[in-house]
Every structure is written in C-alpha cells, then in structure tokens.
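Protein chains in written order, with the numbering used here: chain A, 71 to 361; chain B, 71 to 361; chain C, 26 to 407; chain D, 26 to 407. Note that beta-carbon positions come from the ideal geometry of N, C-alpha and C, so glycine has one too. Keep in mind that this is a model prediction, so the values were computed, not measured.
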Amino acid sequence: MSILIDENTRVMVQGLGRDGSFHAKQMKEYGTNIVAGVHPGKGGSIIHGFPVFNTAKDAARETDPECSVIFVPAPFAADAILAAANAGAALVVAVTEGIPVLEMSKIVIELNELGTRLAGPNCPGLISPAKSKIGIMPGGIFRKGPVGVVSRSGTLTYEVVNQLTLAGYGQSTAIGMGGDPVVGMKYDDYLELFEDDKETELVVIVGEIGGTDEQDAATFVKERISKPVVGYIVGRSAPPGKRMGHAGAIISGADSTAEAKVVFLRDKGIPVADTVEQIVDLVGERLGGRN
Amino acid sequence: MSILIDENTRVMVQGLGRDGSFHAKQMKEYGTNIVAGVHPGKGGSIIHGFPVFNTAKDAARETDPECSVIFVPAPFAADAILAAANAGAALVVAVTEGIPVLEMSKIVIELNELGTRLAGPNCPGLISPAKSKIGIMPGGIFRKGPVGVVSRSGTLTYEVVNQLTLAGYGQSTAIGMGGDPVVGMKYDDYLELFEDDKETELVVIVGEIGGTDEQDAATFVKERISKPVVGYIVGRSAPPGKRMGHAGAIISGADSTAEAKVVFLRDKGIPVADTVEQIVDLVGERLGGRN
Amino acid sequence: MKLEEFQAKKLFGEYGIPVPDGIMVTTAEEARSAAEKIECPVVVKAQVQAGGRGKAGGVKLAGTPAEAYMAAESILGMDIKSFRVERLLVDPAVSIAGEYYVGITIDRRKKLPVMMASASGGVDIEKVAAETPDQIFFQDINPERGLRSFEARQIAFLLFPDKKKALAAASIMMKLWDCFHGVDASLVEINPLAELEDGSIIALDAKIVLDDNAMFKHPFMEEMRLPTPSEKKELDAKSHGLSYVQLEGDIGCMVNGAGLAMATMDIIKHLGGTPANFLDIGGSSSPEKVIHAMELLVSDSNVKAVFINVFGGITRCDDVATGLVAALQEIRTDIPPLVIRLTGTNEEEGIRILSDFGITALKDMTEGAREAIRLAGEGGCS
Amino acid sequence: MKLEEFQAKKLFGEYGIPVPDGIMVTTAEEARSAAEKIECPVVVKAQVQAGGRGKAGGVKLAGTPAEAYMAAESILGMDIKSFRVERLLVDPAVSIAGEYYVGITIDRRKKLPVMMASASGGVDIEKVAAETPDQIFFQDINPERGLRSFEARQIAFLLFPDKKKALAAASIMMKLWDCFHGVDASLVEINPLAELEDGSIIALDAKIVLDDNAMFKHPFMEEMRLPTPSEKKELDAKSHGLSYVQLEGDIGCMVNGAGLAMATMDIIKHLGGTPANFLDIGGSSSPEKVIHAMELLVSDSNVKAVFINVFGGITRCDDVATGLVAALQEIRTDIPPLVIRLTGTNEEEGIRILSDFGITALKDMTEGAREAIRLAGEGGCS
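So this is what it looks like as structure tokens:
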C-alpha cells in the first residue's frame with residue numbers, strides 16, 4: 071500500500087515542453103505507468119513511448135488516465151488543471167510555479183465539485199517509492215518503507231528524505247504539497263490518507279513560516295490521527311514581512327512565525343525537530359530503532 | 071393538500087416599492103402568511119402589519135421565512151433572488167419582468183446548489199386557493215378544487231381559471247411559471263409535484279409558441295404522470311420570428327410553433343383544447359362531469 | 026434587438042475577433058470610393074436583418090470601383106424578405122479555403138449558453154442541424170465560469186487538425202464568448218468562419234441579437250438600433266408601455282397580457298377572422314395607454330373592427346372601463362366599430378360604466394371575437 | 026508587490042472608489058504649489074510601504090501653502106521603519122465624522138477571498154482583530170461569482186444604519202472587489218474608510234498588495250514598482266532567476282530551493298552563526314546564475330564567509346559542480362572563504378570535480394554550517 075498512487079496508477083502528462091518532456095522520461099524510467107501525454111498540436115505523435123493528444127479530453131477517451139501531472143506554463147496551467155479534472159482525472163499534480171492565487175482560488179471550487187484531488191501547484195509532486203513517482207522528485211534518494219512524508223517544500227523534502235533513507239527509514243509515500251498560498255490538498259488531507267494506509271507507520275510533516283497550515287495539521291492530528299507524527303518547521307531565522315521564495319512563506323501575523331508553529335505543534339503533542347538530523351532521531355525513537 | 075404553498079407557508083416580500091407594497095397587502099388580505107418584508111433602508115418599520123428588514127439575511131434570522139416573493143426592479147432582481155436563496159428560502163417567486171437572460175442563467179446554477187426552487191421570473195406567481203397566494207394573481211377568480219394549472223402566461227391563466235371556476239372546477243394550485251427564456255421550475259417540475267399531491271386530480275398545462283418546454287412536458291407526462299393532463303397552446307396565429315410580448319414567445323425553429331406543439335402533445339396522448347371553452351369541456355370529461 | 030452585419034462586425038472587432046476591414050455605405054457613390062480605399066476586388070453586401078441575402082442577389086463581387094458602384098446601385102432599394110436595403114457593407118474580397126460555423130446562444134432547456142460549431146459552415150446551420158446533426162459540435166458554457174480555453178480547444182481541434190489554425194479558432198471562440206457575455210447577447214454567430222488561402226481564420230459574416238432585457242446595462246447600444254418602418258411603430262408602442270406587432274388582417278386587437286392576446290388572435294382565426302395585430306396593453310389601465318393603443322390600431326388602414334379583450338385581474342374592470350371611456354372621449358379621429366369584452370374583478374361595475382357611456386360590453390371572449398368578425402365583414406361602418 | 030498610498034488611491038479612483046483629490050510630490054516646493062492648487066488645509070503624507078506613519082511624524086496637517094512647504098521639508102528624507110521618505114502625497118484635509126475599515130484578502134484556509142469590515146477603523150486592524158474580534162465582520166467571497174450586492178449590503182448595514190451611507194459603503198465594497206479582482210491583488214485595504222461630516226463616505230487611505238504571480242497579466246503595473254535600495258537588489262536578483270533577501274548577518278548563503286535555504290539559515294542560527302541573506306538559486310545550475318549569485322553575496326560587505334548548500338535532486342551534483350567551477354573561474358573579485366556542501370544525485374562525481382579544482386566539498390549540511398561559522402569567526406581571510 072501507499073497513498074494516492076501506486077504502480078498501477080494510470081498517468082497522463084500535460085505540457086510536453088522541455089521540462090515536461092524531461093520529467094516524463096524520468097517518471098517513465100522510475101516505473102510510473104504513463105499512458106498519455108497532452109500537448110496542443112502534438113496530437114498523434116509518440117513521446118517516450120506514450121501517445122500524445124491535443125486535448126486532455128481526447129487522452130481521457132483513448133487511455134483513461136486516473137491522474138494527470140501538469141507541466142504547463144503558469145499562464146495556462148489553471149486551465150490545464152481544469153481540463154484534466156473535467157476529463158475525469160481523480161488526482162491532478164500541478165508542478166507549475168507562478169499560477170496567480172486568484173485563479174487557484176477559483177479552480178479549487180470546481181475541483182471540489184468534480185471530486186478531483188489536487189496536489190500543488192508549485193510542488194515537486196509525490197512518490198510512492200519503488201511503485202510510481204509523479205512530478206519532479208529525484209527518485210534515487212527514496213526507498214520503500216513505513217514513513218509518510220508531507221512537506222511544503224521541494225529540496226528540503228529531498229534533504230529530509232535522504233537522511234531518512236540513509237538512516238534506513240524508507241517511505242510509503244512522500245509529498246511536496248506546494249508552497250503557494252492556495253494549494254489543493256493540505257497536511258490534513260494527506261494525514262487522513264496516511265492514517266488509513268496500512269504501510270504507513272509514522273508521518274513526518276515538514277512545515278515553514280507563513281499561514282497556519284501546520285497548526286491546522288496539528289489540531290487535526292490531535293483529533294483524528296492515531297499514528298505517530300513528527301514535525302519540522304523551517305524559517306526561524308526569517309525576518310517578518312519578507313517573502314522567502316515560496317509565495318506562501320510570508321509571515322503575516324503572529325501565528326505564522328516558525329516559533330508560533332513549533333509551540334503549537336508541541337502543544338498538540340507532536341514532537342518537533344530543530345534540525346534535519348533530529349527528524350531522523352525522532353523517527354527512530356518512534357519506530358523503535360528499526361532500520 | 072396543494073403544491074409548494076399552503077396556509078402555513080411563511081412568506082417574505084422583497085421590494086416594497088409601489089407594486090410590492092400593493093401586492094403584499096393583497097396577499098395578506100387573501101390570507102397569505104407574510105412574516106417579513108425586505109427593503110434596503112426601510113429596516114425597522116412595519117408595513118401592512120409585518121416587520122421590514124434591510125436585508126433578506128436579517129429577515130431570515132428574525133422571522134424564518136420559507137418562501138420569498140420578489141418585486142425588486144429588474145436591474146436588482148437577480149441579486150435579490152440570490153439574497154433570498156442564500157438566506158435560506160426554499161422557494162422564491164420572482165414576479166419581476168425584464169431580468170437579463172444571462173443573469174438568470176447564472177443564478178439558476180447557484181439556486182440548484184442551494185436547493186432553492188424558483189418560480190419565474192416574469193411570472194404572476196402561484197396560488198393555492200383558500201390557503202395562500204404568492205404573487206399578483208387576482209384571488210377572487212380562484213376556487214379550491216381538484217385541478218392543477220400551470221401556465222407560461224398571466225392573464226391567460228386567469229381566463230382559463232375563471233372559466234374553470236365558473237364551470238365549477240376549482241383548483242388545487244395554479245402557477246404562472248413565467249414567460250422568459252430561462253425560468254426556474256418548468257412544467258415537468260410542477261407536474262411531478264402535482265402527481266404526488268393528493269388533492270390534485272387533473273392538471274391543465276397552458277403553453278405558447280417558443281422553446282420546446284411543452285414537448286418536454288408531454289414527454290414527461292407520458293413517462294411519469296398517471297393523472298390526466300389537458301393541454302392548451304396559444305400562438306397559432308403568430309407570425310414566425312416575432313416576439314409576442316413574452317420574451318420566451320419567439321418562434322425560433324419548426325419545433326417551437328404552436329402547431330408542432332399541439333401535434334406533439336396529442337402524439338403523447340395529451341388532449342389539446344383549441345379554445346378556452348374546450349379546456350373546460352376536456353376537464354369536465356376527465357373529471358366525470360362533476361362540478 | 027438584431028444588429029446588422031456591419032454593426033456586429035464592428036463589435037466583433039472590438040472584442041478582437043478578426044473581421045474584414047470593410048466600410049458601411051448608403052449610396053452607390055460611397056460604395057465606389059469605399060472600393061477605391063479598400064482595394065479591389067470587393068464584396069458589396071446588403072445590410073438587412075434577414076438571411077438568404079446571397080440567393081436574393083443582395084451580395085455582389087466587384088472587380089473595380091466602377092463595378093462596386095453598379096453593384097451598389099442594383100442592391101440599394103432592393104426588397105429582401107420584406108426588408109428594404111438602405112445600407113451596404115463594402116468588404117475586401119478574400120480567397121476562401123474553407124467555411125466553418127460557430128455560434129453561441131442560450132439553451133432554454135439546459136438554462137445555459139451553448140456554443141455550436143461545425144465544419145459545414147457558409148450554409149443555413151438549421152439545415153445542417155436537421156439533415157446532418159452529427160456535423161455540429163456542442164459545448165455547454167457555465168455562464169459563471171465562461172468558456173474556458175480547454176473547452177474551446179476541444180472544439181477547435183475537431184474543426185482544424187492543424188495546430189496553428191486550431192489555436193486561432195479557439196482564440197476566436199473565446200472572444201466570441203467574451204462578446205456574447207460582454208454585450209449581453211442572446212445570439213452571436215459567425216457563418217462563415219472562414220479559413221483563407223493564407224491559412225488565417227476570419228469572421229466573414231457576423232450576427233448578433235442583443236437581449237432586450239439587458240439593454241439598460243448598455244445604453245449606448247440603443248443607438249445602434251436601425252429600425253425598419255414597421256419596427257419603428259413597434260418601438261414607439263414599446264415606449265408607451267405597449268407591446269405591438271403588426272400583421273396583415275383586418276381585426277385590430279387590444280388585450281391585457283401577452284398570453285391572452287395570443288389566445289384572442291387564435292380565437293379570431295379559429296372563427297374565420299384575421300387579426301390585424303398583436304397588441305398587449307399590459308397590466309395598467311391608464312387612459313393615456315389606451316389612447317396610444319387606439320391610435321396605433323387606427324393608423325393601420327386595414328383595420329375594419331377593433332376587439333378590446335380585457336380580463337380584469339389585479340387591474341379591476343371598473344378602472345379599465347373608466348380608462349377606456351376617458352380614452353374614447355379623447356380620441357378625435359374616426360374609429361372603427363368596437364367590440365369590448367370585459368370580465369374578471371369588478372366586472373359588473375365596469376360593464377355599467379361602459380353602458381353609461383353607450384357601449385355594450387360582452388363578458389365572453391368567443392362571443393366578442395365572433396362579433397368583431399361580423400363587424401369587420403360588414404366593411405366597417407360603426 | 027506593495028503599492029504606495031498614492032498609487033493605490035489612483036487605482037481605487039479608476040475603479041470608482043471615492044478618494045481625496047490629492048497630488049503626489051517629491052519636493053517641498055512641489056508640496057507648496059500642490060497646497061495652493063488643492064486649497065488649504067491639506068494633509069502632507071509620507072509615501073512609504075510601512076504602517077504607523079502618523080506616529081512616526083510622517084503625516085502633517087498644513088493650514089497654508091507655506092505650512093505645507095515646511096511640513097514637506099520635515100518629512101522628506103525621514104526614515105520610517107527603515108524606509109526613507111522620497112515621495113509625499115498632498116491631500117485635501119477633510120472633516121471626519123467616523124472612521125471605518127474595509128479590506129479584502131485571500132483566506133488561505135478557506136482558499137477564498139474574504140472581505141473584512143469594521144466600525145473600528147483608523148487603527149491597526151490586527152490589533153482590533155486580536156482584542157475585539159467581534160468588531161470585525163467577515164464576508165466570504167466566491168471568486169467565480171464575485172462579491173454580490175446583497176452580500177455587500179449585509180455588511181454595509183452593520184456599519185451604517187443610515188440607508189444612504191449604507192448603500193454608499195456597499196457600493197465602495199463592490200468596487201473594492203472589482204479592484205481586487207481586476208488587478209489580481211492579494212490585499213486591498215481602506216483604513217480608514219471615512220464618513221465625512223457632510224455624510225459622504227470616502228477612502229482616506231489606500232493599500233494594495235499585488236500578486237506577483239499575476240503580474241504577467243498586468244504588464245503596465247510593473248511600471249508602478251518603486252523599489253527601495255534593498256528591494257532593487259532583490260528585483261535584480263529575481264531577473265536572474267534568483268530569490269534573494271538581504272539580512273544583517275555575516276554568513277552568505279547560496280542554496281537550491283526555498284525550503285532548504287530557510288533550513289540552512291536556521292541551522293546556521295541554531296549553531297550560533299548569523300546568516301547574511303536568504304538566497305535561493307532554484308533548480309538550474311547554469312554558471313551565469315551561480316556567478317550572479319556570487320556577485321550578490323560579494324556585494325554585501327558584511328559577508329565574511331559563504332556557505333553553498335546544494336542538494337542534487339533532478340539537478341545532478343556533477344552539473345552543479347561544473348557550474349560552480351565555471352563561475353569561480355569567471356569571478357574576478359576577491360571572494361570570501363567558501364564552504365561547499367554537495368549531496369544527492371551523482372554526489373561522488375560532483376565532489377570529484379570540485380576536488381580537481383582544489384575545493385573540498387562536504388556532504389553534511391550541519392558540518393558545512395559549522396565550518397562556515399568558524400570561517401566567518403576568523404574574520405574572513407581565505
């Protein structure tokens with residue numbers, strides 16, 4: 071088991087420009103079951119062994135994908151997400167960075183109506199090691215195992231996962247949920263799925279300054295999650311009011327500082343690591359030192 | 071019994087200008103249970119014995135109406151319908167004429183989401199004789215009885231009802247569904263309610279040129295309605311392409327002529343009257359001459 | 026309100042839809058100079074609110090300014106489906122590689138705008154719909170969300186396999202929606218949407234029908250109205266709160282309510298008469314309105330009898346009768362013989378008021394219609 | 026992107042929100058003539074992207090043009106929360122009867138825009154929210170539908186029992202939404218929304234923060250950017266694909282990825298050092314980018330050591346190493362001592378490339394941070 075994706079998940083790739091094409095190849099090599107590509111004007115061609123269609127609707131009719139990953143440039147990405155959802159994708163993973171927040175706010179309403187889950191935007195995607203990866207995560211650092219990881223960041227996720235893997239703690243599924251102010255699924259949504267996943271024994275949540283998603287997650291954990299959860303929050307050294315790369319990472323009020331989050335999580339009974347090494351220690355303690 | 075409204079239905083009146091105020095009084099005198107009025111700026115006053123509020127939300131909080139009737143001028147009427155629906159009205163009756171069709175098209179989506187039923191716009195409303203009338207129908211010509219009436223027209227409904235009443239055939243509920251291209255409930259919706267209403271023994275549908283609502287109704291009757299239905303279609307003498315007062319009454323294709331409708335209805339087993347007198351005859355035959 | 030082609034093309038242009046760079050003219054001389062300005066060959070097109078202009082000879086190709094002059098001279102003043110040609114559009118002639126269709130209207134059943142498109146353009150789309158319905162593609166439009174790019178592309182790629190053309194067509198569809206939404210249209214139509222020999226996609230014809238209910242949002246559009254003489258009469262009626270449509274018969278009708286007005290016309294026809302008009306005086310019964318209504322009927326020389334059919338609903342019959350009496354006292358011109366039918370709220374009082382004025386009102390609609398037919402048949406002596 | 030008050034008021038005005046008819050000036054002399062034009066008394070207001078201008082002495086009332094001159098002279102050049110005042114807004118002074126608040130921003134949790142309004146305006150709204158939360162009214166806005174009249178009125182009547190004022194406030198709220206939506210803002214705010222003694226309602230202050238992600242839709246807005254010197258540096262960085270924020274410390278950081286960059290700063294601080302900046306070089310590893318990044322770090326004289334922390338994900342470590350070497354060869358200026366940490370995909374190869382160039386790369390982030398702190402402590406001799 072794992073959450074959201076496994077080796078059978080039928081995947082469609084939207085946007086086969088330089089990046090999309092490169093990552094489609096990477097995904098395919100990792101073992102992801104890519105059934106179709108979508109790129110207006112490239113319909114009828116074959117890229118990396120999968121058929122390409124002009125529209126998501128065409129791709130859906132011919133190849134019945136369950137999931138779509140979006141590499142379409144920001145000005146067209148919201149439309150592409152809707153195209154995937156309206157074509158029946160149950161899960162959309164939006165890698166694209168720079169989608170206007172109001173557009174996201176609009177489309178999440180429609181996605182809810184359609185029952186489509188969204189990971190991202192501005193996210194590295196997700197991976198169920200040894201099964202499937204959807205997005206741009208570097209497959210090599212992951213290893214199959216009992217730890218669920220959900221993070222707002224990209225490279226930081228890799229850093230965390232790498233140290234977990236080196237210490238022998240493999241992952242069930244790892245997700246970068248995206249750093250924008252409005253993203254699809256949040257910690258809660260992933261935590262709920264991890265709770266029901268037999269393979270996952272513990273979840274690491276990696277958070278940062280800005281918003282109050284981590285607090286929401288902690289409240290949710292306290293109320294609904296029986297599995298152990300370990301937290302890590304970056305941005306303690308960030309000055310207030312500044313945007314640290316992630317659009318989401320603006321400190322807008324007292325609640326959104328790293329300190330406030332750390333205190334809140336600990337208050338809800340979630341151990342919080344000060345450094346990446348400490349994450350591994352905390353995980354090790356909770357998994358009984360097994361590795 | 072009757073459909074949609076009875077003596078207990080709690081009614082709110084939106085728009086207490088000259089017309090709204092006049093008809094609110096008429097309704098009250100008929101026995102309609104008006105619990106509140108809404109008119110921005112008149113909040114706190116009492117009109118015809120009911121309290122007036124600045125907003126539908128205020129009125130809803132204080133008086134819990136189930137139904138709202140709209141007399142608000144066309145440029146503001148769609149907004150008023152939404153205000154009523156968002157304040158929890160289960161039924162909205164929009165008397166207002168002249169609402170842009172695209173605005174109606176937009177708001178029916180939201181009304182569906184909210185589960186609010188809409189009668190109209192551009193309609194005379196509805197009446198359950200001796201119980202409640204909501205809208206502008208002249209109460210005096212109605213009498214309680216077994217005939218359901220649903221029509222796209224106003225005065226024509228009165229003409230039909232008057233002759234039914236004179237002939238001794240009272241009405242369970244009579245509805246003018248409105249003459250605009252986009253209206254809330256249509257024949258089908260009312261027919262379904264009449265089918266389930268114990269008091270209603272027969273339904274008269276009064277139609278006209280334009281659109282294919284009458285055909286939809288006929289198909290629905292054939293498939294779902296066990297009670298006898300009698301039809302009447304006006305506009306046989308109307309020239310093609312012309313708008314006969316009702317925005318809905320434009321002949322736009324072969325299907326929307328009066329002739330096509332008459333043929334279609336008869337084809338589905340619905341007797342169609344050529345004149346108002348004939349309606350009474352057809353009703354009489356089906357109700358076994360009882361009056 | 027229907028726009029003429031040149032008006033619709035102007036609006037299309039404002040919304041970024043590619044249209045030929047034509048010139049509207051009203052004389053043959055203007056057509057000649059337009060042809061000089063545009064560069065020949067040009068197409069000279071009658072501007073009337075009716076289809077089938079081509080078949081009627083209302084569209085002509087001109088290779089020189091002189092030919093444009095002659096074409097204009099032959100088309101101006103023409104009668105096309107009873108519309109007199111008073112304006113022409115002089116468009117540059119283009120080389121057409123393919124003709125397509127795209128339009129947006131309201132689907133009354135779905136209560137949504139719907140876009141229709143077809144690779145079989147340039148012909149009557151209703152014929153295509155009837156004969157080869159599978160050649161028309163439909164796209165529902167959620168009016169809160171508008172037509173989305175991906176929806177437009179889904180349709181555009183069905184018409185044009187080529188990427189560049191498909192994207193151009195999709196862009197036009199998006200702009201067509203913007204226009205539909207922006208001007209509150211009830212119909213926008215491009216037929217043909219043409220593919221030219223250079224591969225570009227352009228709207229060669231343009232049709233817009235505006236939603237009269239929404240005109241209050243676009244007051245400047247009222248200025249685009251170019252009524253025909255009969256429409257002028259209808260518009261004048263509308264400005265007095267009357268809904269009027271002139272017909273060919275000899276019995277003038279004055280009725281309160283559109284449905285009842287149609288029923289009145291129907292019963293006249295049913296009994297062998299011919300209604301001269303549709304005239305809905307609406308709910309109120311002010312003498313002014315009745316006077317205007319009567320003047321409208323009198324101005325139609327075909328009218329040999331007038332049937333006033335009023336159902337007193339909220340408007341009480343006594344008020345209507347008072348209004349009628351005031352109106353009849355006011356009207357100075359000779360009026361055709363009248364039949365008045367008055368029933369509903371306070372009918373006894375209304376009939377008494379009319380009777381005091383020397384008019385016998387009837388209570389039955391069929392009886393009234395029969396009497397009006399009889400009077401019209403007598404040739405109209407009152 | 027934050028706008029200054031005069032820019033925000035200009036946009037508000039374009040959306041029909043009533044604002045004082047003020048003039049932006051940059052010198053005391055201009056302030057004097059603005060005061061003459063507007064008619065005294067006027068208010069002279071420092072234009073900086075910071076709150077609390079009043080308390081800081083950045084807002085002054087002037088009864089005469091001469092007073093406006095003096096006020097301007099005293100405010101220009103002032104430092105308000107580390108923003109230097111270079112521009113002033115001269116607004117007509119008004120008689121205020123009441124101060125209110127209205128703003129729209131995105132609620133990240135609800136994923137919706139939300140309008141906030143309060144009768145307690147003119148003060149720090151976050152203080153109101155913290156101390157008397159029941160004095161703030163919220164209205165969720167469905168972004169597909171926009172703020173509707175009835176929603177605006179629901180809030181407006183809570184602030185103003187008087188009909189005329191309530192409808193004026195509701196109208197301003199609708200326009201504020203139009204503005205929020207039209208310019209793709211992430212925040213629009215009127216504080217105070219003032220009721221004047223004549224009963225009119227007007228926006229006396231204006232705040233707009235634009236969504237940087239949406240700037241591609243509004244290219245002309247880019248011209249409204251008035252960066253402070255430190256922002257100029259950040260913008261320049263952005264134009265090279267770098268995300269840079271200058272801080273006060275002495276350890277320059279260069280990291281791929283925002284989250285990892287924050288983690289790097291945190292670990293430096295955790296170990297007792299002080300980061301000189303946030304610098305995310307993103308995914309690609311082109312030598313140009315690394316050169317620009319290095320130049321940014323070098324231009325900060327506080328920087329005593331540089332910690333380059335790269336996790337090779339999709340970007341392979343060997344590519345990063347090659348880019349780094351090329352960059353280091355290119356840079357002519359003296360550079361502070363470097364610590365490079367390189368791990369992830371193809372790390373062995375990357376470390377070998379650096380080693381060939383004479384640089385010992387570390388594999389552990391904590392170790393790297395510790396080494397950078399040690400080097401910075403030594404005072405920066407390489």
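DSSP puts D126 of chain C in a beta bridge; with which residues? According to the sequence as given, residue 126 of chain C is Tyr; it is not Asp. Y126 of chain C pairs with C:S143.
Would P312 of chain C and L251 of chain C qualify as a contact pair, given that the criterion is a beta-carbon distance under 9 Å? The criterion of a C-beta distance shorter than 9 Å is not satisfied by P312 of chain C and L251 of chain C.
Let's see if you can read the secondary structure: which residues bound the beta strand (DSSP E) around I303 of chain B? Bounds of the beta strand (DSSP E) holding I303 of chain B are V299 to V304.
Pairing CB atoms from the segment 72-86 of chain A with CB atoms from the segment 173-181 of chain A, are three or more of them under 8 Å? No, the segment 72-86 of chain A does not touch the segment 173-181 of chain A.
Closest Cβ-Cβ distance between K189 of chain C and chain A: below 9 Å? For K189 of chain C, the answer is yes, since a Cβ of chain A falls inside 9 Å of its Cβ.
Do you know whose CA, among B:Y100, B:K297, B:E265 and B:V291, lies nearest I206 of chain B's CA? That would be B:Y100, whose Cα lies nearest to the Cα of I206 of chain B.
Give every residue of the same chain whose Cβ lies closer than 8 Å to the Cβ of M95 of chain C, excluding the five residues on either side of it in the sequence, and list them in chain order. Taken in chain order, the residues that qualify are A53 and A87.
Could you tell me if C406 of chain D is buried or exposed, where buried requires 16 or more neighbouring beta carbons within 10 angstroms of its beta carbon? Here the model assigns C406 of chain D a pLDDT of 43, short of 50, so the residue's position is not dependable, and the following value carries that caveat. That one is exposed.
My output table needs one value for N327 of chain C: the three-state DSSP class, helix, strand or coil. In this structure, DSSP gives N327 of chain C a state outside helix and strand, which the three-state scheme calls coil.
Work out the CA separation of V230 of chain A and A147 of chain B for me, nearest whole Å. Going by C-alpha positions, A147 of chain B is about 57 Å away from V230 of chain A.
Hey, would you say the C-beta of I105 of chain C is under 8 Å away from at least one heavy atom of the ligand NAP? You won't find the ligand NAP in this model; it holds no ligand whatsoever.
Unbroken alpha helix (DSSP H) run spanning D343 of chain C, endpoints: Taken as a continuous stretch (DSSP letters only), the alpha helix (DSSP H) holding D343 of chain C covers C342 to E355.
For my contact list, I226 of chain C and A193 of chain C are in at a C-beta cut-off of 8 Å; report their separation, rounded to the angstrom. Contact between I226 of chain C and A193 of chain C holds: CB atoms are separated by about 4 Å, below the 8 Å threshold.
If V163 of chain B sits next to L184 of chain B, beta carbons under 8 Å apart, how far is it from one beta carbon to the other, in whole angstroms? About 16 Å separates the beta carbons of V163 of chain B and L184 of chain B, which is beyond the 8 Å limit, so they are not a contact pair.
If you draw a straight line from the C-alpha of F382 of chain C to the C-alpha of H295 of chain C, how long is it? F382 of chain C and H295 of chain C have their C-alpha atoms spaced approximately 31 Å apart.
Kindly say whether T20 of chain C, judged by its beta-carbon, lies nearer than 9 Å to any beta-carbon of chain B. Summary: the structure shown does not reach residue 20 of chain C, with chain C confined to residues 26 through 407, and so no result is reported for it.
Quick check on D76 of chain B: does DSSP put it in helix, strand or coil? Residue state, collapsed to three classes: coil.
Hey, could you find the ends of the alpha helix (DSSP H) E55 of chain D is sitting in? Its alpha helix (DSSP H) spans residues A53 to I63.
Can a CB atom of chain A be found closer than 9 Å to the CB of P168 of chain C? Chain A, which has no Cβ nearer than 9 Å to the Cβ of P168 of chain C, makes this no.
Considering only residues of the same chain and omitting the five flanking positions on each side of G354 of chain B, which have a CB-CB separation below 6 Å? Leaving aside the five residues that flank G354 of chain B on each side, none in its chain has a CB nearer than 6 Å to its CB.
Under the three-state DSSP convention, the category A269 of chain D falls into: The displayed chain sequence assigns Tyr, not Ala, to residue 269 of chain D. Three-state result, Y269 of chain D: strand.
Q96 of chain B to G210 of chain B span [Cα, whole Å]: So the two alpha carbons sit approximately 11 Å from each other.
Quick check: the Cα distance between Y302 of chain B and S107 of chain C, rounded to an integer number of angstroms? When rounded, the distance between both Cα atoms is 32 Å.
For the segment 230-254 of chain A, which residues have a beta carbon sitting closer than 8 Å to at least one beta carbon of chain C? So the list is empty, because no residue satisfies the distance condition.
Hey, A71 of chain D and V44 of chain D: beta-carbon distance below 9 Å or not? A distance of 9 Å or more separates the beta carbons of A71 of chain D and V44 of chain D.
Can you confirm whether L28 of chain C, when its beta carbon is compared against all beta carbons of chain A, has any partner nearer than 9 Å? No, L28 of chain C does not count as interfacial toward chain A.
Based on the DSSP output, what are the partners of D305 of chain C in its beta bridges? Paired residue(s): C:S268 and C:V280.
Find the nearest neighbour of M103 of chain C within the set C:E64, C:G146 and C:T51, judged by alpha-carbon distance. The candidate whose alpha carbon is nearest that of M103 of chain C is C:T51.
Counting along the chain, where does the beta strand (DSSP E) carrying R112 of chain C start and finish? R112 of chain C: not part of any beta strand (DSSP E); DSSP gives it neither H nor E.
Kindly list the residues whose CB is nearer than 8 Å to the CB of K127 of chain B, restricted to its own chain and excluding five residues on each side of it in sequence; keep chain order. Once the five neighbours on either side are set aside, the close Cβ partners of K127 of chain B are A153, N156 and A157.
Consider the Cβ of L152 of chain B: report whether some Cβ of chain D lies at a distance smaller than 9 Å. It does; some Cβ of chain D falls within 9 Å.
Any chain C beta carbon closer than 9 Å to V171 of chain B: Among the residues facing chain C, V171 of chain B is included, as its CB has a counterpart in that chain under 9 Å away.
Check A159 of chain A in the structure and name its three-state DSSP category. Correct three-state label for A159 of chain A: coil.
DSSP three-state call for I206 of chain B: helix, strand or coil? The answer is coil: DSSP assigns I206 of chain B none of H, G, I, E or B.
Under a three-way DSSP split, which group does R250 of chain D fall into? In the structure shown, R250 of chain D sits in coil (DSSP, three-state: anything other than H, G, I, E or B).
Can you give the beta carbon distance from L201 of chain D to D165 of chain D, rounded, assuming they're within the 8 Å contact cut? Incorrect: roughly 15 Å between the Cβ atoms, too far for contact.
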